[in-house]
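Using the UniProt record's numbering, read the sequence shown as starting at 1 and increasing by one per residue. Working notes, beginning with the structure itself.
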Amino acid sequence: MLGALLVTAPAAHAADAPLRDLAAAKGKVMGTAVTGSKLTGTYGEIAAREFNALTPGNAMKWGSVEPTRGSFDWAEADRIVDFAEANGQQVRGHTLVWHSQNPGWLTNGTWTSAQLSQLMNDHIALEVGRYKGRLATWDVVNEPFNEDGTYRQTLWYNGLGADYIAQALTAARAADPAAKLYINDYNVEGVNAKSTALYNLVKSLKERGVPIDGVGLQAHLIVGQVPSTLQQNIQRFADLGVDVAITELDIRMQLPSDSAKLTQQAADYKAVVGACVAVARCVGVTVWGFTDSDSWIPDTFPGQGAATPYDENYAPKPAYEAIAQALGGSQSTEGCTATYSVTSQWSTGFTGQVRIACSGAALSSWKADWTYGAGQRITQAWNATCAQTGTAVSCSNASYNGTVPDGGSVTFGFNASWSGSNPVPVVTLG
Ligand code: 9MR
């Protein structure tokens, strides 16, 4: 190490706009699933401030709205719709025709095809009609496929055949012609047998003139396992002439969480939101609960959790920052520093390095910029991509070292020429 040529960059502090503003600037929706009874206090404040769309997590399901045949409970659903309207948010209705969370009287009944058909049509007419003109979108049919791409054997499929899907969409269109009508499923994020079955269904519905406006990719994902074909899959649906939405995003991990897992999770959130941002017909992303205190994961997958962008105490996690970045926000680098040093120097050249270290913070990508004051010129860099224009140098992470975990560091190096003097520049992290 040559001399004490160390400079620590001042931490940039970027107070980003709320996610909903960043999303709106990109023409996208950033939504969250909510529980109606929780929409007060901090939960309500964050839901209103950060999101421009709400999905009732359970409140609009058949079992919630008609627990006893002919007797209805719209209280929670109404509360969510009223809250959304008061806060300038869209509502995504969820969900009309599903195999799960149906009322006992429906699932335990014995119905002829004609009766089932009538029940389904009446339910759609009633619920969609109730909110006509107020909901942007409906998940009309939920989870119609098995993993191998065959139709799931449900009350609806078994009673009405595969055309229950077309029938449901047609009934929904009649009840609210302005609402966007979706089919929604999970494990259809990448190109696979299930998503290809969904693709073929949407293609044939379009060809038949059945009203279908969009495809919902739920995206209940596992840390480190974002499908590599996600964007390609979104694009192939878009190319059919339908919208695509990421409807139920969460990214779970084995508990306890630690900074390495949370950093990977941030990169995963960024990849998913980034894939949607990259495709014009991807209308936006909804997270399935914004706080770990309101997530279905721990109940369903014992030992797993920490799947949402905020922890149980409403502190934003690295995933929050990653979503903001994917929506075009600038990354806060508070808690991370860049240290520039000259490691060896000879008559015409020198070798330098920049070490980026984080403490109490983490980065999911980075850029280190500086200005040379004495004519130095970078000739070669490693573990970063560096470009120099005039005196301005800008280095960004390589594909493999974008994440700097809390308590960790990344170092990149470079060779440069100099003459006269070689003063140390101030590095700005972004
Ligand atoms: O988040 C919902 C949870 O509170 C319910 O207990 C669960 C019952 O199946 O449904 C959850 O939401 C599901 C959504 O409606 C459809 N896709 C899968 C979601 C997670 O199970």
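Note that beta-carbon positions come from the ideal geometry of N, C-alpha and C, so glycine has one too.
Label Gly62 either buried or exposed according to how many other C-beta atoms from any shown protein chain fall within 10 Å of its C-beta, with 16 as the threshold for buried.
Residue identity differs from the one stated: residue 62 is Trp in this sequence, not Gly. Per the 10 Å Cβ criterion, buried.
By a C-beta neighbour count over all protein chains shown, 10 Å radius and 16 as the cutoff for buried, is Lys132 buried or exposed?
exposed
Extent of the continuous beta strand (DSSP E) run through residue 433:
Look at the range of the chain in this structure, 1 to 430, and you will see that residue 433 is not part of it.
Is Gly57 near the ligand 9MR - that is, is its Cβ less than 7 Å away from at least one heavy atom of it?
yes
Can you tell me whether DSSP reads Ala315 as helix, strand or coil?
coil
Beta carbon of Thr308, beta carbon of Val287: below 8 Å?
yes
Residues near Ala4 by beta carbon distance below 8 Å, same chain, minus five either side:
Low confidence applies here, because Ala4 scores a pLDDT of 42, under 50, leaving its location unreliable and the question unanswered by this model.
What are the boundary residues of the beta strand (DSSP E) that includes Ala381?
Arg377 to Trp382
Please look up how many angstroms separate the CB atoms of Val427 and Val342, rounded, as I've assumed it's under 8 Å.
Taking C-beta atoms under 8 Å as the contact rule, Val427 and Val342 fail to qualify, at a distance of about 13 Å.
DSSP on Glu76, reduced to helix/strand/coil?
helix
Counting C-beta neighbours from all protein chains within 10 Å, is the total for Leu155 16 or more, i.e. buried, or is it exposed?
buried
Can you say whether Glu207 is buried or exposed, counting buried as having 16 or more other CB atoms within 10 angstroms of its CB?
Glu207 is exposed by the Cβ-count criterion.
Tell me whether Leu6 is buried or exposed, calling it buried when 16 or more other Cβ atoms sit within 10 Å of its Cβ.
In this prediction, Leu6 scores a pLDDT of 49, lower than 50, which makes its location untrustworthy; the coordinate-derived value is nonetheless stated afterwards. The residue in question, Leu6, is exposed, as its Cβ has fewer than 16 Cβ neighbours within 10 Å.
Cβ of Gly129 less than 8 Å from any chain B Cβ?
Given the protein chain composition of this structure (a single chain), no chain B is represented.
With a 10 Å radius around its C-beta and 16 neighbouring C-beta atoms as the bar for buried, classify Leu39 as buried or exposed.
buried
Excluding the 5 residues flanking Gly420 on each side, which residues of the same chain have their C-beta closer than 8 Å to its C-beta?
Ala374 and Gly375
Have a look at Ile297, Val273, Ala84 and Pro298 and flag the residue whose alpha-carbon is nearest the alpha-carbon of Glu321.
Val273
Output the residue ranges of the alpha helix (DSSP H) runs that lie fully inside the segment 141 to 204 and measure 4 residues or longer, sorted by chain position.
155 to 160 and 164 to 175
The ligand 9MR heavy atoms versus the CB of Tyr182: any closer than 7 Å?
no
Restricting to Cα atoms, I'd like to know which of Arg134, Gln101 and Val277 is closest to Ala25.
Val277
Give every residue of the same chain whose Cβ lies closer than 6 Å to the Cβ of Tyr164, excluding the five residues on either side of it in the sequence, and list them in chain order.
Only Trp156 meet the Cβ criterion.
Cβ-Cβ distance between Gly360 and Ser417 below 8 Å
no
Roughly how far, in whole angstroms, is the beta-carbon of Leu181 from the beta-carbon of Val188, given that I think they are within contact range, below 8 Å?
About 17 Å separates the two Cβ atoms, so there is no contact after all.
Just to confirm the assignment: which complete beta strand (DSSP E) runs, minimum length 3, are found wholly within the segment 284 to 308?
none
Exposed or buried, which one is Gln265 when buried takes at least 16 other CB atoms within 10 Å?
buried
Whole angstroms are fine: how far does the CA of Ala174 sit from the CA of Trp105?
26 Å
Along the chain, which unbroken stretches of the alpha helix (DSSP H) at least 4 residues long are found entirely within the segment 25 to 73?
41 to 50 and 62 to 65
N-terminal and C-terminal residue of the alpha helix (DSSP H) that Arg236 is part of
Leu230 to Ala238
Please return the same chain residues whose Cβ sits closer than 6 Å to the Cβ of Lys203, not counting the five positions on each side in sequence.
Same-chain partners within the cutoff: Leu240.
Is Lys132 helix, strand or coil by DSSP?
coil
How is Asn121 classed by DSSP in three states: helix, strand or coil?
helix
Using 8 Å as the Cβ pair cut-off and three pairs as the minimum, do the segment 72 to 85 and the segment 302 to 318 touch?
Touching, no, given that fewer than three Cβ pairs across the two stretches are closer than 8 Å.
Among Leu327, Leu119 and Phe72, which residue has its Cα nearest to the Cα of Ala171?
Leu119
For the ligand 9MR, is there any heavy atom lying closer than 7 Å to the beta carbon of Ser64?
no
How big is the Cα-Cα spacing for Gly44 and Thr411?
Near 42 Å, if we compare the C-alpha coordinates of Thr411 and Gly44.
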